[in-house]
Every structure is written in C-alpha cells, then in structure tokens.
Amino acid sequence: MTEHTPDGLPTPTRDQRAATDALRPCHGVVRNQRGDWILLRHDLVVQAALDDAGFSSAVSRYLQIPNGLDGDRHAAYRQALDPFLDAAALEPFLDDFRRIATGLVASLPRGGSVDAVSNLGARFAVRAQSAWLGWPAELEDRLVDWVAENHAATRSGDRDWTLRVAEDFDTLIHSVLDTRRDGQCPGGARDVTSALMRTQVEGRPLEDAEIVSVLRNWTGGDLGSIALCVGVLVHRLASDPALQQRLRAGVAEAEFDALIDEILRIDNPFLSNRRITTRPLTIGGVDLPAAARVTLHWTSANRDSAVFGDPDALDPQANRAHNLVYGIGRHACPGRLLSTLELRIVLRALLDATASVTLDPDDPAERAMSPAGGWSRVPVILR
Ligand code: HEM
Numbered sequence: 000m001t002e003h004t005p006d007g008l009p010t011p012t013r014d015q016r017a018a019t020d021a022l023r024p025c026h027g028v029v030r031n032q033r034g035d036w037i038l039l040r041h042d043l044v045v046q047a048a049l050d051d052a053g054f055s056s057a058v059s060r061y062l063q064i065p066n067g068l069d070g071d072r073h074a075a076y077r078q079a080l081d082p083f084l085d086a087a088a089l090e091p092f093l094d095d096f097r098r099i100a101t102g103l104v105a106s107l108p109r110g111g112s113v114d115a116v117s118n119l120g121a122r123f124a125v126r127a128q129s130a131w132l133g134w135p136a137e138l139e140d141r142l143v144d145w146v147a148e149n150h151a152a153t154r155s156g157d158r159d160w161t162l163r164v165a166e167d168f169d170t171l172i173h174s175v176l177d178t179r180r181d182g183q184c185p186g187g188a189r190d191v192t193s194a195l196m197r198t199q200v201e202g203r204p205l206e207d208a209e210i211v212s213v214l215r216n217w218t219g220g221d222l223g224s225i226a227l228c229v230g231v232l233v234h235r236l237a238s239d240p241a242l243q244q245r246l247r248a249g250v251a252e253a254e255f256d257a258l259i260d261e262i263l264r265i266d267n268p269f270l271s272n273r274r275i276t277t278r279p280l281t282i283g284g285v286d287l288p289a290a291a292r293v294t295l296h297w298t299s300a301n302r303d304s305a306v307f308g309d310p311d312a313l314d315p316q317a318n319r320a321h322n323l324v325y326g327i328g329r330h331a332c333p334g335r336l337l338s339t340l341e342l343r344i345v346l347r348a349l350l351d352a353t354a355s356v357t358l359d360p361d362d363p364a365e366r367a368m369s370p371a372g373g374w375s376r377v378p379v380i381l382r
C-alpha cells in the first residue's frame, strides 16, 4: 500500500532495513513484542546457524521437509532431495527457462509502465517452476494467487487463515500428484514431480504428506523469493544506468552471478528464518532460556558494517565470502543454483531485449512489508 505525505503525494513505503540498521550497532540481539529474540549482527547469525545442536529448526508443529528437521533425519532428507537441484539435474531445463524469459519479456509493453515484481518476476517464476516440475500451464494463475495470499496470511499472523492457505496448496498439489498415480508420467522421463514420488528416504518411499511438504518448500522458496529478487535486481539496474549498460554490453557469467548475489546482499528480500533453543545458552552476551524463539535476521546481518564496511557499497569480490543471502550451515539453501540460474536468465533476457529500463517517474516503487523484504512493486518503463 502506498503511504502519502501530508500534501497527499505518494511516497515509497517504509524501508524495513532502516530499523535494523539503526539498532544493530548497539544491540546485536533484540526482543520483539511477541517475546522472540532477533539476532541482528552478522557474527551472531552465523553462530546460531552453525550451532544446530543449540538452535533447533523444529519451529513449527506442521511437517516441514527438510526445513523443520534436525540432526541425522535432516541429513537423510537433504541427501535424498539435493540431487534434484544440482547442476546436472537442472541443465535439461535451461533452454525452457530461456524460452520462457524471452517470450515473457517480449510480451511486456514498451514505453508504458510494467511492474517488475508481478508482471515479470512472479510470472517468470511460476512458468519456470512449472516447466521444471512438469506442472500444467493452467495452474499458473492459481499459483500466482496462492503466493500472494500465502504472504498476506503469514503477515496477518492469523493462524486460521495461514492454515486455510496451506490446505489450499495441499489440494492444488494433490491434483498434480493424482495425474501421476499408477506409473503415469505426464512429463515423460524428465518429470521431476514423478521422480520425487519415487524418491526413497531411509529405505522407504516418501509418503504423500512428505511430498506435499517438499513441494510446498520448493514452491515457497522458488515463487515468492524469485519474484522479490527480480524486484530488487530490476530496481537496482533501473536506478544505476552505468551498471545497466555494463551488464547489457556483456560480462562473464561468473561476474554476472556475483553481481546478482551482491545486489541481493545489500537489499536481501528473504528477511529471516526461525530457530528454537534446545537448552539455556548465551549469545551476544544475552542469556536465553531453553525453548526460546530466535530469529536469524539475514537482511540485517548482510548489512553489518563490522563485516562489510559501508553496507551499500557494491563490492562483489570483497563481500562474497560473507554473503548470507542463501544462509549458512546445514540448512543453507539447496535451491541456490536454481535461483541463480533463473535470475541470470531473466535479467539477461530483459537486458538483451531493451535499450533502457528506467523507474516510472509517475508511479514510485513500493517497499514490501514483513515477512517479505525488498520491493512489493517496482514500476519501470522499458524502451
Ligand atoms: C530466490 C532466492 C532464494 C533465497 C534468497 C533463498 C534463501 C534461503 C535461505 C536463507 C535458507 C536457509 C534457511 C535456514 O537456515 O533456516 C534457505 C533454505 C531453503 N531453501 Fe532457499 N532461497 C531461495 C530460493 C530457493 C529455491 C529456488 C528453492 C527450491 C526450489 C529453495 C528451497 C529451499 C529449501 C528447501 C530450504 C531448506 C533447507 C534446509 O532446511 O535444509 N530456495 N533458502
């Protein structure tokens, strides 16, 4: 929602980073109104993410695979699921992703306003993911709506609504699974959803509830985050014509990817993840009891001047080793390669098909609200 100045002119909504930037120099750990402990400093976030014996990921009473698992069980599921997201598994889909990105960018109007988040990022993410998982194109609108409602429900804190949204997703996934029973395989040999249904963990096939949970986590990771990442990246390019022209002229893939990571570090739209303490412990000089709810604030940690100096200075090489956009430790994002490939492909398609991308002067970009970071809308003009 756009806020208004006293004279009625729209202003961009509040940048959540300002609050954590202001708190972090004096308070590495803060407590919110709900009683949760928020880790703001880079060293503390890393400490908690690496101490999986003291900080459990079993934060939800719902099944969350692999996100909500700890210890050996977590390792067994990651071992079974990570191969779906490695370079060899993703390679067969890259041409599809390129075709989808090129077609989508070609369909966007020139000279008029385009929202980089909903018109480009969300549409691209859903189409690319459907191509990867072998899902029918008819699901596109339902998936886009589901991601938006899932964000709204999480933001509201309304448990009934969140539960209803989760159930809606289960229904949607079951429709996809039902077309794959009895050996049917609509996507042929490379149908990832069918392959997931055949996957074994600890010597037995995954149960339906587990498959739904995996697909919910892949979908949540992919659809929502990719759309927000596209918003942050396009906003940066539209605000920085020199960088835009340098990338349009052509840079090596590794340099392109490093720049993407660094732009996301500065304005990380995937704000945080939760943990729960398994025993009393001390972090950042603060004593936490057992069962304390703890938030690892990636966005704040990624702007810690003790590690990055000026948090807004773009320095991919110097900062890459400490970048926490995809987390760290045993729960670090298994979808990192998929998202890097998707982001590179969609940005390249945008740059290749345009001479300039500029912010729409009549429609300011709007900041996202927690639990999302980055921008909820980035209106741009393509020429
Ligand atoms: C688009 C940008 C993305 C960002 C910024 C992102 C970020 C993260 C972060 C910070 C974590 C660590 C969570 C923790 O420590 O609790 C994580 C975990 C995870 N991500 Fe991503 N992610 C992205 C895309 C994806 C994609 C494309 C997928 C899969 C298709 C995915 C699937 C997952 C899963 C399943 C986990 C849980 C891993 C575990 O608990 O072992 N993510 N992600």
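Note that numbering that gives the first Met the number 0 has the sequence shown beginning at 0, numbered continuously upward. All C-beta atoms in this analysis are idealised placements derived from N, C-alpha and C, irrespective of residue type, glycine included.
As assigned by DSSP and simplified to three states, the class of residue i
| i | result |
| --- | --- |
| Pro108 | coil |
| Tyr61 | coil |
| Gln243 | helix |
| Leu8 | Confidence in Leu8 is poor, its pLDDT being 34 and thus under 50, which makes the residue's placement unreliable; the coordinate value appears in the next sentence. It is coil, neither helix nor strand. |
| Gln32 | coil |
| Ser304 | helix |
| His3 | Only weak support exists for where His3 lies, its pLDDT of 35 falling under 50; the coordinates are left without a value. |
| Val356 | strand |
| Ile37 | strand |
| Ala331 | coil |
| Arg203 | strand |
| Val345 | helix |
| Ala371 | strand |
| Leu214 | helix |
Cβ-heavy atom distance, residue i to the ligand HEM, below 8 Å
| i | result |
| --- | --- |
| Asn272 | yes |
| Arg393 | An answer regarding residue 393 cannot be provided, because it is not within the stretch 0 to 382 covered by the chain. |
| Leu337 | yes |
| Ala331 | yes |
| Phe269 | yes |
| Ala48 | yes |
| Gly326 | yes |
| Glu261 | no |
| Arg197 | no |
| His73 | yes |
| Ser56 | yes |
| Pro204 | no |
| Leu295 | yes |
| Gly70 | no |
| Asp351 | no |
Residues sharing a beta bridge with residue i, DSSP
| i | result |
| --- | --- |
| Asn272 | Leu295 |
| Asp378 | According to the sequence as given, residue 378 is Pro; it is not Asp. Looking at the DSSP assignment, Pro378 forms a beta bridge with Asp114. |
| Glu396 | The structure shown does not extend to residue 396, since the chain is modelled only from 0 through 382, so no value can be given for it. |
**Report entry** Contained alpha helix (DSSP H) runs [length at least 4] in the region 114 to 152, N- to C-terminal order
**Finding:** 122 to 132
Report task. Note down, one range per segment and in chain order, each alpha helix (DSSP H) of at least 4 residues found wholly within the region 40 to 88. Result -> Complete alpha helix (DSSP H) runs here, min 4: 41 to 49, 70 to 80.
Query raised in the report: Just checking, does the region 250 to 257 make contact with the region 367 to 375 on the three C-beta pairs under 8 Å criterion?
Result: no
Requested in this report: Decide yes or no for the touch test of the region 303 to 312 against the region 196 to 212: beta carbon pairs closer than 8 Å, at least 3 of them.
Outcome: no
Query - Touching by the beta-carbon criterion (3+ pairs, under 8 Å), the region 290 to 297 and the region 33 to 44 - result: yes
Query raised in the report: Do the region 262 to 273 and the region 319 to 326 touch if we need at least three Cβ pairs shorter than 8 Å?
Result: yes
Query raised in the report: What are the complete alpha helix (DSSP H) segments, minimum 4 residues, inside the region 159 to 197?
Result: 191 to 196
Requested in this report: Indicate whether the contact test is met: 3 or more Cβ pairs, each with one atom in the region 214 to 233 and one in the region 93 to 107, closer than 8 Å.
Outcome: Segment contact: the region 214 to 233 against the region 93 to 107, fewer than three CB-CB distances shorter than 8 Å; contact not assigned.
Query raised in the report: Counting Cβ pairs closer than 8 Å, one from the region 273 to 281 and one from the region 47 to 64, do we hit at least three?
Result: yes
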